[in-house]
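J.:
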Amino acid sequence: MDMKWSLRTAMRMLVVALLLFACLGAAALADTLALPQGTKWIETEAFYGDTSIDRVVLGNDVMSIGTRAFANSSLKEIDLPASLTYIADSAFSGMSKVTATAPKGSYAYNWALDHDNVALTGSCGTNCTWTLWQGTLTIAGTGAMKNYTDASPFPADHVTRIVIKNGVTAIGQYAFYGLENVTSVTIPSTVTSIKNHSFDGCSSLTRVIIPDDVTVLGEFAFGHCASLVSARVPNSVTSMGNAVFYDCFALSDVTIPNGLTVIKSSTFSGCRALESITIPDSVTSIGS
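Mapping of the sequence shown onto this note's numbering: position 158 corresponds to residue 159, and the numbering continues sequentially without gaps.
1) Have a look at Ser266, Ser240, His116 and Arg208 and flag the residue whose alpha-carbon is nearest the alpha-carbon of Met96.
2) For Arg69, count neighbouring C-beta atoms within 10 Å of its own C-beta (all shown protein chains included) and say buried if the count is 16 or more, exposed if not.
3) Would you call Thr285 buried or exposed, if buried means 16 or more other Cβ atoms sit within 10 Å of its Cβ?
4) Check whether the Cβ of Thr102 sits closer than 7 Å to any heavy atom of the ligand FAD, and report yes or no.
5) Using a Cβ-Cβ cutoff of less than 6 Å, which residues in the same chain neighbour Trp112 once the five nearest sequence positions on both sides are dropped?
6) What's the gap between the Cα of Thr193 and the Cα of Tyr49?
7) Please determine, among Met64, Gly67 and Ala103, the residue with the shortest C-alpha to C-alpha distance to Asp80.
8) Pick helix, strand or coil for Ala152, following the three-state DSSP scheme.
9) Considering only the alpha carbon of each residue, which of Ala92, Ser185, Thr40 and Asp248 lies closest to Gly202?
10) Would you mind giving the Cβ-Cβ distance between Met146 and Ala109, rounded to the nearest angstrom? I have them listed as a contact below 8 Å.
11) Going by DSSP in three states, Leu138 sits in which element: helix, strand or coil?
12) Answer yes or no: do Ala227 and Phe250 have a C-beta to C-beta separation smaller than 8 Å?
13) Can you check the region 57-126 for any alpha helix (DSSP H) of at least 4 residues that lies completely inside it and give the ranges in chain order?
14) Below 8 Å CB to CB, which residues in the same chain sit around Ala72 once its five sequence neighbours on both sides are set aside?
15) Closer than 8 Å by C-beta to Ala23: which residues in its own chain qualify, once you throw out the five before and the five after it? Chain order, please.
16) Which residue from Thr187, Phe221, Tyr178 and Phe155 puts its Cα closest to that of Pro212?
17) Need the endpoints of the beta strand (DSSP E) that Leu34 sits in, please.
18) Between Ile66 and Gly60, what straight-line distance do the alpha-carbon atoms span, to the nearest angstrom?
19) Below 8 Å between beta carbons: does that hold for Ala274 and Ser253?
20) Who are the Cβ neighbours of Ala28 in its own chain at under 7 Å, not counting the five residues just before and after it?
21) With which residues is Ser185 paired in a DSSP beta bridge?
22) Please classify Ala157: does DSSP put it in a helix, a strand, or coil?
23) Which residue's Cα is closest to the Cα of Ile140: Val245, Leu121 and Glu276?
24) With a Cβ-Cβ cutoff of 8 Å, do Asp62 and Lys77 count as a contact?
25) In whole angstroms, give me the CA-to-CA distance for Tyr149 and Asn182.
26) How about Val234 and Ile257: do their beta carbons lie closer than 8 Å?
27) Throw me the rounded Cβ distance for the Thr132 and Thr100 pair, which I believe falls under 8 Å.
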């Protein structure tokens, strides 16, 4: 009888034993594998070709994921901890898409950004999530996005397109601030508020369609969008903050909504290409 076990077989036996006898440290739930605390390495081909797992949760002690560790498996989701210091380039080879969570700025987070078959995901509101895959940042869920203080939480160098799904009602402050490679934005009809600095500094954005149900445009909402050529503000908008289109150098055509009474200060400051602006009779005050 051959008593020589492969490293892969031994790893699987160890994991099964730990899952059976250390229930407090790990849980196996309907296609979800949670490895126990204390596991430090996922060995070469440990779960190669495994079709029994959809999701894996790694403990906070895991430091390394080996060559082809999950290659050609049925894995769809994985939680990558901050403790990781090495992930083999082939760890998820043979798989079209794996969605991962990882702490921002961690080794795992940066590794995922550099691998086309790995999508990063996380929370951006009480009931909203974000997913970044192959340049497209998708916001999904219901209700309002989170407000940020002075910068976007998303990696500017890796976002070229923003898609906001139906159900999202408000775009948070600074949500997409400084994402200078973004060329396309899709905003659904469920959005009613675009808050302060939401798209400020999206300097490659050329056009934006603001949905008909939006009522509020916060200050600098589209400030410093240097490539923005045209903008139609729908009649639903009743409030526009200061400097909404500040330093939109390429902006040449703007329509102001009926019902707006005040155009605040610096709304079009720096819009040196502006050739046409339609101001309705409802406007009674224009700021400096």
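We treat Cβ as the ideally placed atom computed from N, Cα and C, and that holds for glycine. Bear in mind that the values here come from a model prediction, so they are computed numbers and not experimental data.
T.: By the coordinates alone:
1) The residue labelled residue 96 in the question sits at position 95 within the sequence shown. The shortest CA-to-CA distance from Met96 to any of Ser266, Ser240, His116 and Arg208 is the one to His116.
2) Locating residue 69 in the sequence shown gives position 68, where the first residue counts as 1. The residue is buried, with at least 16 neighbouring Cβ atoms inside 10 Å.
3) As a working note, residue 285 is residue 284 in the sequence shown. Exposed: under 16 other Cβ atoms inside 10 Å.
4) What this structure holds is no ligand at all, so the ligand FAD is not there to describe.
5) The sequence position of residue 112 within the sequence shown is 111, counting from 1. Once the five neighbours on either side are set aside, the close Cβ partners of Trp112 are Ile88.
6) On the sequence shown, residue 193 is found 192 positions in, with the first residue counted as 1. On the sequence shown, residue 49 is found 48 positions in, with the first residue counted as 1. Those two C-alpha atoms are separated by around 47 Å.
7) Counting from one through the sequence shown, the residue named residue 80 turns up at place 79. Selected option, being the one with the closest Cα: Ala103.
8) Numbered from its first residue, the sequence shown carries residue 152 at position 151. Secondary structure at Ala152: coil, using DSSP grouped into helix, strand and coil.
9) Residue numbering aside, residue 202 sits at position 201 when the sequence shown is read from its first letter. That would be Asp248, whose Cα lies nearest to the Cα of Gly202.
10) For the purposes of this step, residue 146 is identified with residue 145 of the sequence shown, where counting begins at 1. For the purposes of this step, residue 109 is identified with residue 108 of the sequence shown, where counting begins at 1. Contact between Met146 and Ala109 does not hold, since the beta-carbon distance rounds to 24 Å and is not under 8 Å.
11) One-based indexing of the sequence shown puts residue 138 at position 137. Reduced to three states, the DSSP call for Leu138 is strand.
12) Your numbering for residue 227 matches position 226 in the sequence shown. Your numbering for residue 250 matches position 249 in the sequence shown. Yes, the Cβ-Cβ distance between Ala227 and Phe250 is below 8 Å.
13) If we require 4 residues or more, the alpha helix (DSSP H) runs fully inside the region 57-126 come out as 108-114.
14) Here residue 72 is taken as the residue at index 71 of the sequence shown, counted from 1. Only Glu46, Tyr49, Gly50, Ser91, Ala92, Phe93, Ser94, Gly95 and Met96 meet the Cβ criterion.
15) What you label residue 23 is simply residue 22 of the sequence shown in a count that begins at 1. For Ala23, the predicted model reports a pLDDT of 41, less than 50, meaning its position is unreliable; a value from the coordinates is still stated below. Here the set comprises Pro37.
16) Here residue 212 refers to the residue found at position 211 of the sequence shown. Taking the Cα of Pro212 as reference, the smallest distance to any Cα among Thr187, Phe221, Tyr178 and Phe155 is reached at Thr187.
17) On the sequence shown, position 33 is the one that residue 34 refers to. Under the DSSP assignment, Leu34 falls in the beta strand (DSSP E) whose first and last residues are Thr33 to Ala35.
18) Translated into the one-based positions of the sequence shown, residue 66 becomes position 65. Translated into the one-based positions of the sequence shown, residue 60 becomes position 59. Each residue's alpha carbon lies about 12 Å from the other.
19) Taking the sequence shown and counting its residues from 1, the one referred to as residue 274 is at position 273. Taking the sequence shown and counting its residues from 1, the one referred to as residue 253 is at position 252. In contact: Ala274 and Ser253 (Cβ atoms closer than 8 Å).
20) Walking along the sequence shown from the start, residue 28 turns up at place 27. For Ala28, the predicted structure reports a pLDDT of 44, less than 50, and the residue's modelled location is therefore unreliable. A value from the coordinates is still provided. Closer than 7 Å at the Cβ level, and outside the excluded window around Ala28, lie Ala35.
21) The residue labelled residue 185 in the question sits at position 184 within the sequence shown. Arg162, per the DSSP bridge assignment.
22) As a first step, residue 157 is located in the sequence shown; it is residue number 156 there, counting from the start. If DSSP states are grouped into helix, strand and coil, Ala157 belongs with the helices.
23) One-based indexing of the sequence shown puts residue 140 at position 139. It is Leu121.
24) As a working note, residue 62 is residue 61 in the sequence shown. As a working note, residue 77 is residue 76 in the sequence shown. Annotated as distal: Asp62 and Lys77, with beta-carbon spacing of 8 Å or more.
25) On the sequence shown, residue 149 is found 148 positions in, with the first residue counted as 1. On the sequence shown, residue 182 is found 181 positions in, with the first residue counted as 1. Rounded to the nearest angstrom, the two C-alpha atoms are 20 Å apart.
26) The sequence position of residue 234 within the sequence shown is 233, counting from 1. The sequence position of residue 257 within the sequence shown is 256, counting from 1. Yes; because the gap between Cβ atoms is below 8 Å, this pair is in contact.
27) Stepping through the sequence shown from its first residue, residue 132 is reached at position 131. Stepping through the sequence shown from its first residue, residue 100 is reached at position 99. Their Cβ separation, rounded to whole angstroms, is 7 Å, which keeps Thr132 and Thr100 in contact under 8 Å.
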